[in-house]
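K.L.:
I'd like to ask you about the structure that follows.
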Amino acid sequence: MSDTTAQGGELSSPHDWGSAAAKRRVRRRYAADRRLQAYGLGAIGLAVLLLGVLFASLIFSGYVAFTTTKVALNIYLDPSLIDSSNPGAANYRKLTRGAFFAYFPDVTSASEKRELGKILSSGAPYVVRDYVVEHPDEIGKEVKIYVPLSDPYDQLNKGVIPREIDALTSDRIALFKILTKRGVIHVDAGKGTVLVDVYVNPGDIPDGNLEAGDYQRMVAEAFRAFFPHALTLTYEELLAEDAAEALKAHVIANPGDVGKTIQFKVPLSAHYDSLARTGEAKMRNPRFASARDFEWFDSLKERGVLSSPFTWELFVNSDSRFPELAGLAGALTGSFFALLVCFLLSFPVGIATALYLEEFAPKNRFSQLIEVNINNLAAVPSVVFGLLGLAVFLNIFGLPRSAPLVGGMVLSLMTLPTIIVATRAALKAVPPSIREAAYGVGASKHQVMMHHVLPLAMPGILTGTIIGLAQALGETAPLLLIGMNAFIPSIENMGLLQPATALPTQIFSWADSPERGFVSRTSAAILVLLAFLVTMNAIAVYVRQRIERKW
Amino acid sequence: MNEQSRPFEMSIGDSGQVASDTSTGASKVTSRNVCVFYGDKQALFDVNLDIPDRSVMSLIGPSGCGKSTFLRSLNRMNDTIPGCRVTGEIKVDGRDIHDPELDVVELRGRVGMVFQKPNPFPKSIFDNIAYGPRIHGLARSKSHLEEIVITSLEKAGLLGEVKDRIHEPGTGLSGGQQQRLCIARAIAVNPELILMDEPCSALDPIATAKIEELIDELKKNYCIIIVTHSMQQAARVSQRTAFFHLGILVEEGPTAEIFTNPKDKRTQDYITGRFG
């Protein structure tokens, strides 16, 4: 023993743990550890940041949809206009508008009334109708009903859209700035002008008749010579309409200038004039027809008849062409039906498949092939399942289009692999001692499965199922392919075989709509969808924690 | 051993006629040329063993010698292991347990088993014991089922400790109590034979002593086969002992003889602590 140590000492000197090289190694090791930790922290920070940005932007653009601007109308439910035996058929448009026009007794002309009526939502009469149908005993009384404003005024009240917008685009302003730098822009007596060399062409003045000269042409020529590169900026846009008139007045006043090139200050058009004088050019938001719109709106606001209650319509109403009336009830119902079908199909089939594969299947090539394919199935893009549903369920089986039944069937194709994989993991996690104990007292395979293994695996199975269903809830592409994005204005006739829409497809259609109100409606719908997903995942986490408590 | 020279008898379906008549008197279990294979690997080689009724037989030997494998082939628990194959003949009460007409579920009802680690079902104490009688339809009524449960608990020496919390989960008991609960569960289906696979290896000495007392008590009515790593335990509880080594049954005989006067050198080496 002592020999070997001595030899070892001769061959290589014993490691010096205190040497500078060793200390450097230790320092490097520590630095590497810290770096690894920093990478991880950085990655988490980035992920949290992106998530935060996503949520912030959704909430920021979506929160306005949770309130709706409404105006209180005092409506006299005239029994001579409303037939109490058939209250749904009366002319509620006239009633509603009449009550609204009462706020503006000075508005009398038909065209002004048409303009004023645009403040009310087109769906306002239906709100009144629904109220009367629900409360038929109030016919003959004066009632106070809150009806929504139309989308532009709703957005105006929430401050989403401004009263004035920039009249000129940024590239126009940039071009104008170049002109300013050249020193040709002047402001004389409160009027913006541009100094241009104009050749007063005698050829454009027929027979020396100064009155009949083509001054328009002269200004255009001068403009073209002066700004050879300003191709995007036409002289009609930059110069005032009366530019030619101003030149004519100048030439008539100074007939001696004919045939000469003169320096002439051409007046600017309105927007550029404003830009030259004040540095900015604004115009009325084109969503509003005239400044009177704002006066009417402000007067309503001053009188305190406007209010912004919580948008219950978002959950109670179905889809609508008017964003202020559109709601998610139809989409929620459709999603519910589709998920119900999906659950009823994929839960038993998934468990049976997993049970067979885990407990009964012989370990051979065929079962391996099935296993590999189930795992692959989980990776198939959802749009492919949609195409499959379109080709098989709709074309071959002839099932109805847009129906939640077909949607659920397609979604169950996607949910199945998730459930199978989760169920197999849960079955594997049941301790073998439990199976042995059951076999040991003489339980048959069926009894071991049904009495012991499945109940113990059930929390794990449910976790997988809920996560699978949450995935299915957010799935859009397959539903679009089977047409489950129908326009559903009422949930009354919804069923498994009736056309329907679902939450994600509703979001898709709203995102595609041009009205400003649908922007916030879309964000709000996304928030609702996310709330459902978070809830489902929270349930899954809760169920999973219960299984852990058990062992 | 002399059994090997005996003509091999097949008995399918008529178990009553072929009662074993070996030198040890009324054998509860007889095994002839039992070989067990896990896939291609052979774990047991031609085991011939007769086990008498109403006594305790202990199987000893170093780890991996095949004693547990042999024990598990007696109630065909090996069937649940994929790739496991048993050849040869095992008879319980003269009936071949590999007889295709014999129901394996019924066999496991007749041959109870207690495992190394206590493995009560995550259910109440009552349900743990009542499970076997329920699935075999042993109880005529609810009160009869309760009677079976109480009797089994009493036989397992657990009644005094748990009678107030019989509807509480069995997993809440201590390790020794859990193991006695498993014994109670095994005897609740009224088996003829109880197999115990190292029942005390996970228990402390006091709990072990209780189980050993229980085994002593149970042998009056049952045939018990116990696998153990503790030679002292084998010496304390068993009447006969079989020594396994590398899948071969080396020696079998009355416990006192095996421990004081072993015939085989390997047995001697093992019990004196040379290996194992």
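One line per chain: the protein sequences are A and D, in this order.
If you read the first sequence in the numbering used here, its first letter stands for residue 1, the second for the next number, and so on.
If you read the second sequence in the numbering used here, its first letter stands for residue 1, the second for the next number, and so on.
All C-beta atoms in this analysis are idealised placements derived from N, C-alpha and C, irrespective of residue type, glycine included.
1. Do you know offhand how far residue 214 of chain A's Cα is from residue 236 of chain A's?
2. Considering just the uninterrupted stretch of the beta strand (DSSP E) at residue 233 of chain A, what are its terminal residues?
3. Would you mind listing the alpha helix (DSSP H) stretches within the segment 465 to 492 of chain A that are 4+ residues and don't spill past its ends, in chain order?
4. Determine, using beta carbons only, whether residue 540 of chain A and residue 467 of chain A come nearer to each other than 9 angstroms.
5. At a CB-CB cut-off below 7 angstroms, which residues of chain D make contact with residue 447 of chain A?
6. Using only alpha-carbon positions, find the residue among A:71, A:26, A:538, A:464 that is nearest to residue 304 of chain A.
7. Taking 9 angstroms as the CB-CB limit, is residue 131 of chain D close to chain A?
8. Helix, strand or coil: how does DSSP classify residue 288 of chain A here?
9. List, in order along the chain, the chain D residues whose C-beta lies closer than 9 angstroms to that of residue 367 of chain A?
10. Look at the alpha carbon of residue 276 of chain A and the alpha carbon of residue 265 of chain A, and state the distance between them as a whole number of angstroms.
11. If we require 3 or more residues per run, which beta strand (DSSP E) segments fall completely within the segment 297 to 336 of chain A?
12. Contact criterion: CB-CB distance below 9 angstroms. Does residue 431 of chain A meet it with respect to chain D?
13. Within its chain, find whatever has a CB closer than 8 angstroms to the CB of residue 93 of chain A; leave out the 5 residues flanking it on each side and keep chain order.
14. Cutting at 8 angstroms between CB atoms, please list the residues of its own chain near residue 406 of chain A, excluding the five before and the five after it.
15. For residue 523 of chain A, count neighbouring Cβ atoms within 10 angstroms of its own Cβ and tell me buried if that reaches 16, exposed if not.
16. Got a sec: is the Cβ-Cβ distance from residue 175 of chain D to anything in chain A below 9 angstroms?
17. Rounded C-beta distance between residue 158 of chain D and residue 177 of chain D? I'm assuming under 8 angstroms.
18. Hey, which unbroken runs of the beta strand (DSSP E) at 3 residues or more fall wholly within the segment 27 to 94 of chain D?
19. Taking the straight line between their C-alpha atoms, what separation do you get for residue 233 of chain A and residue 282 of chain A?
20. Quick one: grab the DSSP three-state call for residue 119 of chain A.
21. Determine whether the Cβ of residue 435 of chain A lies closer than 9 angstroms to any Cβ atom of chain D.
22. Can you list the residues of chain E that residue 109 of chain D reaches, using a CB-CB cut of under 9 angstroms?
23. For residue 21 of chain D, name the three-state secondary structure that DSSP assigns.
24. What are the residues that DSSP puts in a beta bridge with residue 254 of chain D?
25. Quick one: which chain A residues come within Cβ less than 9 angstroms of residue 48 of chain D?
26. Below 8 angstroms on the Cβ atoms is my contact criterion, and I expect residue 441 of chain A with residue 132 of chain D to pass it. Report the Cβ-Cβ distance as a whole number of Å.
27. Whose Cβ in chain A lies nearer than 8 angstroms to the Cβ of residue 121 of chain D?
28. Using a C-beta to C-beta distance shorter than 8 angstroms, which residues of chain D count as neighbours of residue 363 of chain A?
29. What residues from the segment 64 to 92 of chain D come within 7 angstroms of chain A, judged by C-beta to C-beta, listed N to C?
30. Is there contact between the segment 246 to 259 of chain D and the segment 81 to 98 of chain D, where contact requires at least three CB pairs shorter than 8 angstroms?
31. Strictly under 9 angstroms for the Cβ-Cβ distance: is residue 469 of chain A near chain D by that measure?
32. Please confirm whether residue 200 of chain D and residue 51 of chain D have their CB atoms less than 9 angstroms apart.
33. For residue 335 of chain A versus residue 167 of chain A, is the C-beta distance shorter than 9 angstroms?
34. Please list, in chain order, the residues of the segment 136 to 165 of chain D that have any C-beta partner in chain A closer than 9 angstroms.
35. Roughly how many whole angstroms lie between the Cα atoms of residue 160 of chain A and residue 329 of chain A?
36. Would a check of beta-carbon distances place residue 29 of chain D closer than 9 angstroms to chain A?
P.N.:
Let's see:
1. Position 214 of the first sequence holds residue 214 of chain A. Position 236 of the first sequence holds residue 236 of chain A. Computed Cα separation, rounded: 15 angstroms.
2. As a first step, residue 233 of chain A must be located in the first sequence, where it is residue number 233. Premise fails: residue 233 of chain A is in no beta strand (DSSP E) and is neither H nor E.
3. 477 to 481
4. Sequence index remark: in the first sequence, residue 540 of chain A carries index 540 (1-based). Sequence index remark: in the first sequence, residue 467 of chain A carries index 467 (1-based). Result yes, Cβ atoms of residue 540 of chain A and residue 467 of chain A sit closer than 9 angstroms.
5. Here residue 447 of chain A refers to the residue found at position 447 when the first sequence is read from its first residue. Those are 135, listed as they occur along chain D.
6. Here residue 304 of chain A is taken as the residue at index 304 of the first sequence, counted from 1. The residue with the shortest Cα to Cα distance from residue 304 of chain A is A:71.
7. Position 131 of the second sequence, counted from the start, is the residue given in the question as residue 131 of chain D. Yes, residue 131 of chain D lies at the interface with chain A (some Cβ there is under 9 angstroms from its Cβ).
8. The residue you call residue 288 of chain A lines up with position 288 of the first sequence. Reduced to three states, the DSSP call for residue 288 of chain A is coil.
9. Here residue 367 of chain A is taken as the residue at index 367 of the first sequence, counted from 1. What residue 367 of chain A touches in chain D: nothing, since even the nearest Cβ is about 12 angstroms away.
10. The residue given as residue 276 of chain A occupies position 276 in the first sequence. The residue given as residue 265 of chain A occupies position 265 in the first sequence. Taking the straight line joining both Cα atoms gives about 14 angstroms.
11. none
12. The residue given as residue 431 of chain A occupies position 431 in the first sequence. True, the Cβ-Cβ gap to chain D drops below 9 angstroms.
13. Locating residue 93 of chain A in the first sequence gives position 93, counting from the first residue. Same-chain partners within the cutoff: 125.
14. Taking the first residue of the first sequence as 1, we reach residue 406 of chain A at position 406. If we look at residue 406 of chain A and ignore the five residues flanking it on each side, its Cβ neighbours are 389, 393, 394, 399, 400, 482, 484.
15. Stepping through the first sequence from its first residue, residue 523 of chain A is reached at position 523. That one is buried.
16. Here residue 175 of chain D is taken as the residue at index 175 of the second sequence, counted from 1. Judged by the 9 angstroms Cβ criterion, residue 175 of chain D is not in contact with chain A.
17. Sequence index remark: in the second sequence, residue 158 of chain D carries index 158 (1-based). Sequence index remark: in the second sequence, residue 177 of chain D carries index 177 (1-based). Yes, residue 158 of chain D and residue 177 of chain D are in contact; Cβ-Cβ is about 6 angstroms, under 8 angstroms.
18. 27 to 38, 41 to 52, 56 to 60, 84 to 92
19. Indexing the first sequence from 1 puts residue 233 of chain A at position 233. Indexing the first sequence from 1 puts residue 282 of chain A at position 282. Distance between the alpha carbons of residue 233 of chain A and residue 282 of chain A: 19 angstroms.
20. Within the first sequence, residue 119 of chain A is the residue found at index 119, counting from 1. In this structure, residue 119 of chain A counts as coil in the three-state DSSP scheme.
21. As a first step, residue 435 of chain A must be located in the first sequence, where it is residue number 435. Interface residue, yes.
22. Among the chains of the structure shown, chain E does not appear; the protein chains present are A and D.
23. Taking the first residue of the second sequence as position 1, residue 21 of chain D is located at position 21. Confidence is the limiting factor: at residue 21 of chain D the pLDDT is only 38, short of 50, which leaves the residue's position unreliable, though a coordinate-based value still follows. Residue 21 of chain D: coil per DSSP, three-state reduction.
24. Against the second sequence, residue 254 of chain D aligns to sequence position 254. Residue 254 of chain D pairs with D:240.
25. Here residue 48 of chain D refers to the residue found at position 48 when the second sequence is read from its first residue. Chain A residues near residue 48 of chain D: none, gap ~25 angstroms exceeds 9 angstroms.
26. Along the first sequence, one-based indexing puts residue 441 of chain A at 441. Along the second sequence, one-based indexing puts residue 132 of chain D at 132. At roughly 4 angstroms, the Cβ-Cβ gap stays under 8 angstroms, so residue 441 of chain A and residue 132 of chain D are in contact.
27. In the second sequence, counting from the first residue as 1, residue 121 of chain D sits at position 121. Within 8 angstroms Cβ-Cβ: 434, 437, 438, 452.
28. Position 363 of the first sequence, counting from 1, holds the residue named residue 363 of chain A. Within chain D, the residues near residue 363 of chain A are 82.
29. 77, 80, 82
30. no
31. By 1-based counting over the first sequence, the position of residue 469 of chain A is 469. For residue 469 of chain A, the answer is no, since every Cβ of chain D falls outside 9 angstroms of its Cβ.
32. In the second sequence, counting from the first residue as 1, residue 200 of chain D sits at position 200. In the second sequence, counting from the first residue as 1, residue 51 of chain D sits at position 51. No.
33. If you number the first sequence from 1, residue 335 of chain A lands on position 335. If you number the first sequence from 1, residue 167 of chain A lands on position 167. Not closer than 9 angstroms, so no.
34. 136
35. As a first step, residue 160 of chain A must be located in the first sequence, where it is residue number 160. As a first step, residue 329 of chain A must be located in the first sequence, where it is residue number 329. If I take the Cα positions, the gap works out to 25 angstroms.
36. Counted from its first residue, the second sequence places residue 29 of chain D at position 29. Residue 29 of chain D does not count as touching chain A.
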